[in-house]
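*Asks:* Quick note on numbering: my numbering labels position 473 of the sequence shown as 481, and the sequence is numbered without any gaps.
I have a structure I would like to understand better, so I am pasting it below and will then ask my questions one at a time.
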Amino acid sequence: MFVLAFLVGIYSYLILSIGLLGILYRETIYVSSLIFILFFVYIYKSYFIDGVRHAKHFAVEVTKDKKILFLICLLSAHALVNLIGVLGPEISFDALWYHLTLPKIYLQNNEVFFIPGSLFYYSAMPKLTEMLYIPAVLLSGEILAKLIHFSFGVITCISVYKITREFLNKRYAVLASLLFYGNLVVGWESIASYVDLSRTFFESLSFLAFLYWIKTKKEYFFITSAFMLGLAVSSKVIALGSLVIYFVLIGMNVEKVAERIKRVFIFSFLAIFPSLPWIAFAYVHTGNPVYPFFTDLYQTRLNINIFPYDVFKTIRDTFLYGQDPISPIYLIIIPIVLVVFPRLKKLAKMPFVYSGLALLIWYLTPQTGGGRFILPYLPVLSVATLITVSAVRDRLIKKLLVSLMIFVFVVSIGYRFLANQKFIGFLTGAQSKSEFLRKNLNFSYGDFYDIDGFFKKTIKDSDTVLLYGFHNLYYADFKFVHSSYSREGDKFNYIATQGVQIPERFKYWQLMYSNPATNVRIYTLGGREWIY
């Protein structure tokens with residue numbers, strides 16, 4: 009798992025390097041990717057062979073235990089339900105805003121560059137996962153990108169299994185994976201080209217490596233733990249908050265103060281190191297290494313209200329009533345945790361300390377992401393939950409808790425199937441992509457798609473369109489300049505507006521197209537080029 013994570017990180021930075029050099033061409037990407045794959049398959053072929061051998065051995069073991077086989081079947085059913093949504097067109101807001109649009113813009117310009125203005129300010133932030141989406145978009149559009157993010161969710165289940173096996177038997181380990189994957193937020197994220205599941209994967213591996221370090225005291229695992237967190241930070245910069253968790257865990261497992269300080273310093277450096285190229289990129293272009301944080305574009309504040317009731321209420325409401333709810337099992341188990349925790353061994357307490365600190369960090373920082381900002385901590389939280397269940401001495405209560413987990417998981421499968429039903433018409437060929445997007449995109453909220461083909465028929469490759477009011481531009485298959493970053497000297501032949509009026513200075517341009525369904529209007533000066 010660690011080797012796989014390292015390879016993902018290396019490949020992402022390979023694509024970034026090509027982009028920064030300004031040679032982000034189809035041929036360059038294909039050749040570089042092929043060389044990368046062949047080289048590392050040759051170097052790590054024994055690792056891959058061992059992985060296949062372990063998978064076969066696990067499959068044999070599973071067939072011998074009907075309960076584990078049943079749980080695996082449930083997991084597989086949920087993955088298949090999620091796959092229905094994965095194979096359909098992308099309709100998620102942030103994916104259409106920047107997760108996919110930035111890779112597409114980079115490909116159109118053959119380089120990775122900073123885009124100023126108020127729309128694509130995320131272009132300065134670490135984008136490990138978006139770099140993976142560049143070859144994906146090149147090869148097959150959004151579907152392969154969605155498959156990549158979906159895959160991160162699946163392999164995180166393996167990570168959860170491995171963490172749980174450090175404390176419990178195989179049945180409990182599979183149950184922990186079941187609990188994690190059954191969260192509705194995981195199901196929703198699995199069908200979108202976001203980055204939260206990639207961060208979740210790296211965060212879970214960071215904790216796994218840290219456990220190995222505690223048990224073996226091998227420096228390799230300490231370094232790996234920090235580096236895995238670094239890959240999480242490179243996926244989503246707010247993962248830096250997880251450093252606080254590891255500072256506490258280091259303090260719990262290192263006796264001498266001087267050694268603690270040294271460990272904290274080393275861990276911090278290694279966790280930040282993978283993001284240094286992006287930090288330098290942001291600083292060079294904006295003067296702010298963590299842009300857009302601490303700017304008017306992304307104002308941040310800490311939630312300093314730590315009254316216990318308010319903390320619990322916020323967590324409860326997010327878990328149960330958020331747009332992307334989290335399993336109620338985590339809340340139900342809290343009273344039992346208070347009883348079980350004191351009698352656990354020190355190592356078994358680590359997931360609980362991690363989870364408690366993770367929830368506190370989430371609470372103190374901006375909670376704009378709802379349940380998906382808690383998502384990276386759900387793997388370890390799931391492990392802590394199963395440790396709690398296993399420690400319950402009353403067999404009836406234990407069976408009830410396990411049954412409740414399975415029930416919630418089955419409900420989650422049903423819920424996600426209903427949510428993904430809208431993709432079935434497209435997958436069966438009964439509905440075209442254009443028809444699907446016309447029905448499911450939110451054009452009043454910034455989405456765009458050329459539903460009647462007017463842009464395709466009218467805008468030539470040599471034309472440029474100045475855009476006003478547009479927000480989610482992944483499906484814009486033409487050359488454009490957005491008003492948020494347009495500057496003196498920009499050239500364009502057309503002006504398009506969505507949901508806004510054309511600026512006063514262009515009032516004399518002639519209206520040539522209007523679509524009330526998408527709120528889009530196109531203006532022209534007879535096709536003549538205008539210099540801003």
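Cβ coordinates follow ideal geometry from the N, Cα and C atoms, glycine included.
Here the structure is a predicted model, which means the values were calculated and not measured.
#1: Using C-beta distances below 6 Å, list every residue in its chain close to Y33, excluding the 5 sequence neighbours before and after it, in chain order.
#2: Enumerated in chain order, which unbroken segments of the alpha helix (DSSP H) with a length of 4 residues or greater are wholly contained in the stretch 201 to 227?
#3: Check whether the stretch 326 to 337 and the stretch 409 to 423 touch, using three or more Cβ-Cβ pairs below 8 Å as the test.
#4: Could you check which residue in V94, M139, G149, I253 has the C-alpha nearest to that of Y21?
#5: In terms of DSSP beta bridges, what is K499 paired with?
#6: Which value, in whole angstroms, describes the spacing of the CA atoms of L305 and L408?
#7: Is Y423 closer than 9 Å to S442 when the C-beta atoms are compared?
#8: Let me know if F434 comes out buried or exposed under the rule of 16 or more other beta-carbons within 10 Å of its beta-carbon.
#9: Roughly how many angstroms separate the alpha carbons of Y385 and T208, rounded to a whole number?
#10: Measuring only the C-alpha atoms, how far is Y502 from F451?
#11: Should K72 go down as buried or exposed, given a rule of 16 or more other Cβ atoms within 10 Å for buried?
#12: On the criterion of 16 or more Cβ atoms from any shown chain inside 10 Å, does R529 qualify as buried, or is it exposed?
#13: If I follow the unbroken alpha helix (DSSP H) through L474, where does it start and stop?
#14: What number of angstroms, rounded off, separates the C-alpha of L328 from the C-alpha of I340?
#15: Secondary structure at R547, three-state DSSP: helix, strand or coil?
#16: DSSP puts I530 in a beta bridge; with which residues?
#17: Using the rule of at least 16 other Cβ atoms within 10 Å of the residue's Cβ for burial, across every protein chain shown, is N191 buried or exposed?
#18: Please classify C81: is it buried, with 16 or more other beta-carbons within 10 angstroms of its beta-carbon, or exposed?
#19: With a Cβ-Cβ cutoff of 9 Å, do I199 and N428 count as a contact?
#20: Which residue spans inside the stretch 284 to 309 form an unbroken beta strand (DSSP E) run of at least 3?
#21: In angstroms with no decimal places, state the Cα-to-Cα distance between K223 and L389.
#22: With Y1 and F215 assumed to form a contact (beta carbons below 8 Å), what rounded beta-carbon distance in angstroms separates them?
#23: Please determine, among Y38, L519, D402, F44, the residue with the shortest C-alpha to C-alpha distance to L146.
#24: What does the Cβ neighbour count give for D332, buried or exposed, with the cut at 16 atoms within 10 Å?
#25: How many angstroms separate the CA atom of K499 from the CA atom of T294?
#26: Measuring straight from C-alpha to C-alpha, what distance separates A245 and V168?
#27: Output the residue ranges of the alpha helix (DSSP H) runs that lie fully inside the stretch 80 to 160 and measure 4 residues or longer, sorted by chain position.
#28: Label K112 either buried or exposed according to how many other C-beta atoms from any shown protein chain fall within 10 Å of its C-beta, with 16 as the threshold for buried.
#29: Can you find the residues in the same chain that come closer than 7 Å, C-beta to C-beta, to I421, ignoring five residues on each side of it along the sequence?
#30: Write down the C-beta distance between M260 and A13 rounded to the nearest angstrom, noting that I regard them as a contact closer than 8 Å.
#31: In the DSSP assignment, find the unbroken beta strand (DSSP E) run with H490 in it and report its ends.
#32: Restricting to Cα atoms, I'd like to know which of E211, S159, A144 is closest to L108.
#33: Would you mind sorting Y543 into buried or exposed? The rule is 16 or more other CB atoms within 10 Å of its CB.
#34: Run through the DSSP bridge pairs and tell me what N480 is partnered with.
#35: Under a three-way DSSP split, which group does M413 fall into?
#36: Can you give me the C-alpha to C-alpha distance between V94 and P350, rounded to a whole angstrom?
*Replies:* In brief:
#1: In the sequence shown, residue 33 corresponds to position 25, counting from 1. Excluding five sequence positions before and after Y33, the CB atoms of its chain that fall closer than 6 Å to its own CB belong to N118, given in chain order.
#2: With a minimum length of 4 residues, the continuous alpha helix (DSSP H) runs that stay inside the stretch 201 to 227 are 204 to 224.
#3: The stretch 326 to 337 and the stretch 409 to 423 touch, with no fewer than 3 CB-CB distances between them shorter than 8 Å.
#4: Taking the first residue of the sequence shown as 1, we reach residue 21 at position 13. A check of alpha carbon separations from Y21 across V94, M139, G149, I253 identifies M139 as the nearest.
#5: Position 491 of the sequence shown, counted from the first residue, corresponds to residue 499. Under DSSP, the beta-bridge partners assigned to K499 are I539.
#6: Residue mapping note: residue 305 aligns to position 297 of the sequence shown, counting from 1. Residue mapping note: residue 408 aligns to position 400 of the sequence shown, counting from 1. Rounded to the nearest angstrom, the two C-alpha atoms are 48 Å apart.
#7: Here residue 442 refers to the residue found at position 434 of the sequence shown. Here residue 423 refers to the residue found at position 415 of the sequence shown. The answer is no: Cβ separation not under 9 Å.
#8: Indexing the sequence shown from 1 puts residue 434 at position 426. For F434, the number of other beta carbons within 10 angstroms of its own is at least 16, and it is reported as buried.
#9: For the purposes of this step, residue 385 is identified with residue 377 of the sequence shown, where counting begins at 1. For the purposes of this step, residue 208 is identified with residue 200 of the sequence shown, where counting begins at 1. Taking the straight line joining both Cα atoms gives about 7 Å.
#10: Here residue 502 refers to the residue found at position 494 when the sequence shown is read from its first residue. Here residue 451 refers to the residue found at position 443 when the sequence shown is read from its first residue. Straight-line measurement puts the Cα of F451 at about 20 Å from the Cα of Y502.
#11: Within the sequence shown, the letter at position 64 stands for residue 72. Burial call: exposed.
#12: As a first step, residue 529 is located in the sequence shown; it is residue number 521 there, counting from the start. Within a 10 Å sphere around the beta-carbon of R529 sit 16 or more other beta-carbons, which makes this residue buried.
#13: Residue 474 sits at position 466 when you count from the first residue of the sequence shown. Counting along the chain, L474 falls outside any alpha helix (DSSP H), though it belongs to the beta strand (DSSP E) covering 473 to 476.
#14: Taking the first residue of the sequence shown as 1, we reach residue 328 at position 320. Taking the first residue of the sequence shown as 1, we reach residue 340 at position 332. C-alpha separation (whole angstroms): 11 Å.
#15: Here the chain covers residues 9 to 540 and nothing more, so residue 547 does not appear.
#16: Your numbering for residue 530 matches position 522 in the sequence shown. Its beta-bridge partners are A504, Y521.
#17: Taking the first residue of the sequence shown as 1, we reach residue 191 at position 183. N191 is classed as buried because its beta carbon has at least 16 other beta carbons within 10 Å across all chains shown.
#18: Against the sequence shown, residue 81 aligns to sequence position 73. Label assigned to C81: exposed.
#19: If you number the sequence shown from 1, residue 199 lands on position 191. If you number the sequence shown from 1, residue 428 lands on position 420. A Cβ-Cβ contact shorter than 9 Å links I199 with N428.
#20: Runs of beta strand (DSSP E) with 3 or more residues, each lying fully within the stretch 284 to 309, are absent.
#21: Here the question's residue 223 lines up with position 215 in the sequence shown. Here the question's residue 389 lines up with position 381 in the sequence shown. If I take the Cα positions, the gap works out to 20 Å.
#22: For the chain, the structure presents residues 9 to 540; residue 1 sits outside this window and is missing.
#23: Numbered from its first residue, the sequence shown carries residue 146 at position 138. Ranking Y38, L519, D402, F44 by Cα distance to L146 puts Y38 first.
#24: The residue given as residue 332 occupies position 324 in the sequence shown. Result: buried.
#25: Position 491 of the sequence shown, counted from the start, is the residue given in the question as residue 499. Position 286 of the sequence shown, counted from the start, is the residue given in the question as residue 294. Approximately 25 Å between the Cα atoms of the pair.
#26: Translated into the one-based positions of the sequence shown, residue 245 becomes position 237. Translated into the one-based positions of the sequence shown, residue 168 becomes position 160. Looking at the sequence itself, residue 245 is Val, so the reference to Ala does not match. In a straight line, the C-alpha of V245 is about 22 Å away from that of V168.
#27: Contiguous alpha helix (DSSP H) elements confined to the stretch 80 to 160 occur at 109 to 117, 136 to 148, taking only those with 4 or more residues.
#28: By one-based count along the sequence shown, residue 112 stands at place 104. Residue environment for K112: buried (at least 16 other C-beta atoms within 10 angstroms of its C-beta).
#29: The count along the sequence shown starts at 1 and reaches residue 421 at position 413. The beta carbon of I421 lies closer than 7 Å to those of A85, H86, V89 in the same chain, with the five residues before and after it left out.
#30: The residue labelled residue 260 in the question sits at position 252 within the sequence shown. The residue labelled residue 13 in the question sits at position 5 within the sequence shown. The Cβ separation is near 25 Å, so there is no contact.
#31: As a working mapping, residue 490 is identified with position 482 in the sequence shown. DSSP places H490 in the uninterrupted beta strand (DSSP E) bounded by 488 to 490.
#32: Stepping through the sequence shown from its first residue, residue 108 is reached at position 100. Of the listed residues, the one whose Cα sits closest to L108 is A144.
#33: Absent from the structure is residue 543, since the part of the chain shown begins at 9 and ends at 540.
#34: Along the sequence shown, read from residue 1 onward, the residue named residue 480 stands at position 472. Paired residue(s): D455.
#35: Here residue 413 refers to the residue found at position 405 of the sequence shown. In the displayed model, M413 falls within a helix according to three-state DSSP.
#36: One-based indexing of the sequence shown puts residue 94 at position 86. One-based indexing of the sequence shown puts residue 350 at position 342. Going by the C-alpha atoms only, they are around 43 Å apart.
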